[in-house]
Amino acid sequence: MKRLLTAWRGCVLSAGLFAMALPIGARADLNVGVILSLTGPGASLGLPEQNAVQLWPQTLAGEKVNVTLLNDATDVTQASRAASKLVSENNVDVIIGSSLTPPSLAITEVAAQQGTPVISLGGGSAIVLPQDGHRKWAFKVSAPEKYAVEPILRHMKDNGVTSVGAIAITTAYGEGYVQTLQQLAPEFGIEIAGVERYNQTDQSVTAQISKLAQKKPGAIFIISAGTPGALPQIELNKRGYKGLVYQTQGVANNDYLRVGGKDIEGAYIAFSPLMVAAQLDESNPIRARALDFIKLYEDKFGEGSAGIFAASAWDAMLILEHALPEALKVAKPGTPEFRKALRDAIENSRDVTTSTAVYNFSEQDHNGVDERSQVLARIEQGKWVYVK
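Okay, so the sequence shown: first residue is 1 according to UniProt numbering, each after it adds one.
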């Protein structure tokens, strides 16, 4: 059953996959909490993720699944409250979410206090780094900043760019990319002309773009998430900027293409190979998994609807499914021993091929992806075109 149940400032999907709420006193074999940004600036990420959760199988590793899904409204405080509810009232074995980095950080802090593992869909490496304290309970699906920044800088260098300006959202996601850009740019002989910042809820970035344009950089790197990522590009187009423009996979969805329209034509983006799966070489290990997911998703939600954010929620389930058999050897779901065993099993997972990446987790690396997790593409006539 796929009906959304309204509850506690959000929505709850309760199920064997999504059966009605269980009778009092009963519990599912495996309790999975999901927290997504279904409203607010992060909704363009959270809504397709919610769709993907609806496609999860009813059992994982032979265990029936009970899913409780809550909306954090792209708000850190609500994310924290949602996590508290899931661990204290729902006794979840694992939390998946949130859609963005700031709420994911809040969720992990709460979940770790109860020894509950978290698989985040947010993009910032701050979710899992440094690997100490509450972050030992956190894992994340999205590739780290370096695997996106390196191909972008390499492309700049190959195209004669010697200076770049950056504009980033004022979140941990934005700051992580800025720091990575500052660290890696000198290795490619590229000077950072300036860095501007803006809030996801801002309606204008005229002042920030004006400052960057005055410095005449050969490229502009926009670091954002969701539809707010189109705002700087629209402003650049108004000013007739002729340099190269780059984005991160935080904007890799149809809403960004719709909002940006012709203003974002020609921009480059580093994102998951899933977004150009059919254009990949057949030897790419991610290609087949990506195409399988795209078909599954689009059969349900329509042609062209599949994207990186929906895929991240699907891949989180695949990571969980891979780890479950080992955890079940140690303890039963619903116990602290099982949650600890599940955390350990995810940390020791190797060669987990999903629709977006190949994961090899370790004690030091709770992201587990490599350079195969990102490719470069160009926006041409409202479509993503793979840049080989």
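Virtual Cβ for every residue (Gly too), placed ideally from N, Cα, C.
Given the structure is predicted, the values throughout are model-derived calculations rather than measurements.
- Query: For Ile-169, which residues does DSSP report across the bridge?
  - Reply: Tyr-198
*At what residue ranges does the segment 86 to 169 contain a whole run of the beta strand (DSSP E), taking only runs of 3 or more?*
94 to 97, 118 to 120, 138 to 140 and 163 to 169
Applying the 10 Å Cβ sphere with the 16-neighbour rule, what's the burial state of Ala-311? buried
Helix, strand or coil at residue 412 according to DSSP, with G and I counted as helix: Any question about residue 412 goes unanswered here, given that the chain covers just 1 to 388.
At the level of alpha carbons, what is the spacing between Ala-28 and Gln-233?
For Ala-28, the predicted model reports a pLDDT of 44, less than 50, meaning its position is unreliable; a value from the coordinates is still stated below. Cα to Cα, Ala-28 sits roughly 47 Å from Gln-233.
I need the DSSP call for Phe-361, collapsed to helix, strand or coil. coil
Please return the same chain residues whose Cβ sits closer than 6 Å to the Cβ of Phe-139, not counting the five positions on each side in sequence. Ile-119, Ile-346 and His-366
- [ ] Take the Cβ of Ala-278 as the centre, count every other Cβ of all protein chains shown within 10 Å, and call the residue buried at 16 or more, exposed below.
- [x] exposed
Checklist line | Sequence-distant residues of its chain with Cβ nearer than 6 Å to Leu-231 (five each side left out) | finding: Val-205
Check your understanding: Straight-line CA distance for Leu-129 to Gln-58?
Key -> 33 Å
- prompt: Just the Cα atoms here: how many angstroms apart are Lys-332 and Trp-137?
  reply: 19 Å
Selection from Ser-37, Ala-43 and Val-32 that minimises the alpha carbon distance to Asn-254
Ala-43
Handout entry: Where residue 395 falls, given that 16 or more other Cβ within 10 Å makes a residue buried
Key = Residue 395 lies beyond the residue range present for the chain, which begins at 1 and ends at 388; the question has no answer from this structure.
Original post:
Helix, strand or coil for Glu-298 per DSSP?
Top reply: helix
The beta strand (DSSP E) with Ile-346 in it runs from where to where?
Not the beta strand (DSSP E): Ile-346 falls in the alpha helix (DSSP H), residues 336 to 347.
- Please name the residue, chosen from Val-149, Val-53 and Thr-39, that lies closest to Ala-306 on a Cα-to-Cα basis. Val-53
In terms of alpha-carbon separation, which member of Gln-50, Ser-142 and Ser-84 lies closest to Ser-355? Ser-142
**Message:** Please state whether the Cβ-Cβ distance between Ser-37 and Leu-45 is less than 8 Å.
**Reply:** yes
Here's the rule I'm using: 16 or more other beta-carbon atoms within 10 Å means buried, otherwise exposed. How should Arg-239 be labelled?
exposed
>> So, at 7 Å on beta carbons, what are the nonlocal neighbours of Gly-229 in its own chain, with the 5 sequence-adjacent residues on each side left out?
In response: Ile-222, Gln-247, Gly-250, Val-251 and Tyr-256
Notebook entry, point to check: Which residues share a DSSP beta bridge with Gln-247?
Noted result: Ile-222 and Ile-269
With 16 as the cutoff for other CB atoms within 10 Å, does Ala-207 come out buried or exposed? exposed
Requested in this report: Starting from the Cα of Lys-215, find the closest Cα among Gln-200, Glu-196 and Glu-89 and give me that residue.
Outcome: Glu-196
* Asked: If you check the beta carbons only, do Thr-116 and His-134 fall under 8 Å apart?
  -> no
Let's see if you can read the secondary structure: which residues bound the alpha helix (DSSP H) around Ile-234?
230 to 238
| query | Should the segment 266 to 285 be regarded as contacting the segment 364 to 381, the criterion being three or more beta carbon pairs within less than 8 Å? | reply | yes
* Asked: With a cut-off of 8 Å, do at least 3 Cβ pairs link the segment 146 to 166 to the segment 181 to 195?
  -> yes
query = Going by beta carbon distance, what residues of the same chain come within less than 7 Å of Ala-172, once the five residues before and after it are set aside?
reply = Thr-101, Pro-102, Leu-105, Gly-124 and Ala-126
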